[in-house]
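Protein chains in written order, with the numbering used here: chain U, 26 to 39; chain B, 138 to 394.
C-beta atoms are modelled at their ideal positions from N, C-alpha and C, and glycine is treated no differently.
Quick caveat: nothing in here was measured; it's all calculated off a predicted structure.
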């Protein structure tokens with residue numbers, strides 16, 4: 026089963 | 138003071154229609170270079186980035202940068218009152234918390250004025266790196282919409298595989314499975330009918346179809362769509378708005394547990 030990632034790990038929050 | 142004028146209201150009407158289901162509230166950042174918007178959906182899995190350059194407007198004036206927080210459904214309600222061929226003017230000054238929409242009929246016999254209350258929206262702004270992508274696929278936007286909708290009737294997720302010869306969309310579900318393969322097609326009547334595959338290295342990624350189907354609401358904005366992929370990175374689905382900018386959708390991948 027694959028789990029949905031969130032965007033945060035990929036884009037830096039500023 | 139901010140004032141921007143579009144020759145036809147249709148563009149902004151269609152843009153808001155194509156993003157308002159994904160994000161209900163967003164902040165338009167206005168500056169001398171134009172209007173930008175960046176917002177994530179409520180589950181923080183997808184993001185919309187809209188960029189409308191000032192030189193794409195009939196008239197654009199922003200004395201200083203400022204933000205306009207709007208409820209996109211309320212904005213859509215007002216834009217629905219504009220004729221698609223009406224000239225659309227937006228006006229706001231930092232002082233009061235309203236943005237005025239003026240819709241002028243082509244014959245100038247009718248002028249409608251709507252004032253939308255602005256909101257304070259606190260939203261995390263994300264830094265989106267201007268990365269190089271392992272694979273870039275351009276194809277007719279109607280074709281992409283058909284693929285994601287067709288596969289959406291088979292399963293919840295789509296596995297996208299790009300090799301140098303083709304891009305493959307595969308889905309499976311309770312009733313069975315489906316694979317749609319698109320090959321490069323360059324010699325077409327119109328350039329926007331081309332399917333172009335640029336592959337630096339092969340990619341294979343899985344995404345939730347319901348978001349891609351939602352993104353494809355923007356199909357009416359552009360005849361072709363560009364899909365950018367890199368292993369274990371969010372996919373970018375970009376609709377270029379001729380002469381003024383783009384609407385970009387980002388979706389985080391699904392990772393095997």
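{"Asked": "Suppose you measure from the CA of residue 328(B) to the CA of residue 275(B); what does that come to, to the nearest Å?", "Found": "11 Å"}
{"Asked": "When the Cβ atoms of the segment 359-373 of chain B are set against those of the segment 260-279 of chain B, are three or more pairs found closer than 8 Å?", "Found": "yes"}
{"Asked": "So with CB distances below 7 Å, who are the chain U contacts of residue 387(B)?", "Found": "32"}
{"Asked": "Quick one, are the C-beta atoms of residue 150(B) and residue 216(B) less than 9 Å apart?", "Found": "yes"}
{"Asked": "Nearest chain U C-beta to residue 297(B) closer than 9 Å, yes or no?", "Found": "no"}
{"Asked": "On the DSSP bridge assignment, give the partners of residue 364(B) in chain order.", "Found": "274(B), 374(B)"}
{"Asked": "Check whether the Cβ of residue 193(B) lies closer than 9 Å to any Cβ atom in chain U.", "Found": "no"}
{"Asked": "I need the boundaries of the alpha helix (DSSP H) containing residue 155(B), first residue and last residue.", "Found": "147-156"}
{"Asked": "Tell me, please, whether the CB atom of residue 265(B) is closer than 9 Å to any CB atom in chain U?", "Found": "yes"}
{"Asked": "Taking the continuous beta strand (DSSP E) assigned at residue 212(B), which residues delimit it?", "Found": "Element bounds for residue 212(B): not the beta strand (DSSP E) but the alpha helix (DSSP H), 209-216."}
{"Asked": "Let me check understanding here. Comparing Cα to Cα, which of 318(B), 316(B), 385(B), 372(B) lies closest to residue 31(U)?", "Found": "372(B)"}
{"Asked": "CA-CA distance, residue 316(B) and residue 142(B)?", "Found": "45 Å"}
{"Asked": "Which residue from 192(B), 165(B), 256(B), 284(B) puts its Cα closest to that of residue 356(B)?", "Found": "284(B)"}
{"Asked": "Would you kindly check if the distance between the Cβ of residue 280(B) and the Cβ of residue 319(B) is under 9 Å?", "Found": "yes"}
{"Asked": "Measuring alpha carbon to alpha carbon, tell me which of 202(B), 244(B), 184(B), 323(B) ends up nearest residue 168(B).", "Found": "202(B)"}
{"Asked": "Could you name the residues of the segment 165-181 of chain B whose beta carbon sits closer than 8 Å to any beta carbon of chain U, in the order they occur along the chain?", "Found": "177, 180, 181"}
{"Asked": "Per the DSSP calculation, residue 188(B) is bridged to which residue(s)?", "Found": "173(B), 383(B)"}
{"Asked": "Tell me the DSSP secondary structure of residue 168(B) in three-state form.", "Found": "strand"}
{"Asked": "Once you ignore the five residues that flank residue 174(B) on each side, which residues in its own chain have a CB closer than 6 Å to its CB?", "Found": "163, 165, 187"}
{"Asked": "Could you list which residues in chain U have their beta carbon closer than 7 Å to that of residue 394(B), in chain order?", "Found": "26, 27, 28"}
{"Asked": "Is the beta carbon of residue 184(B) sitting closer than 9 Å to the one on residue 265(B)?", "Found": "yes"}
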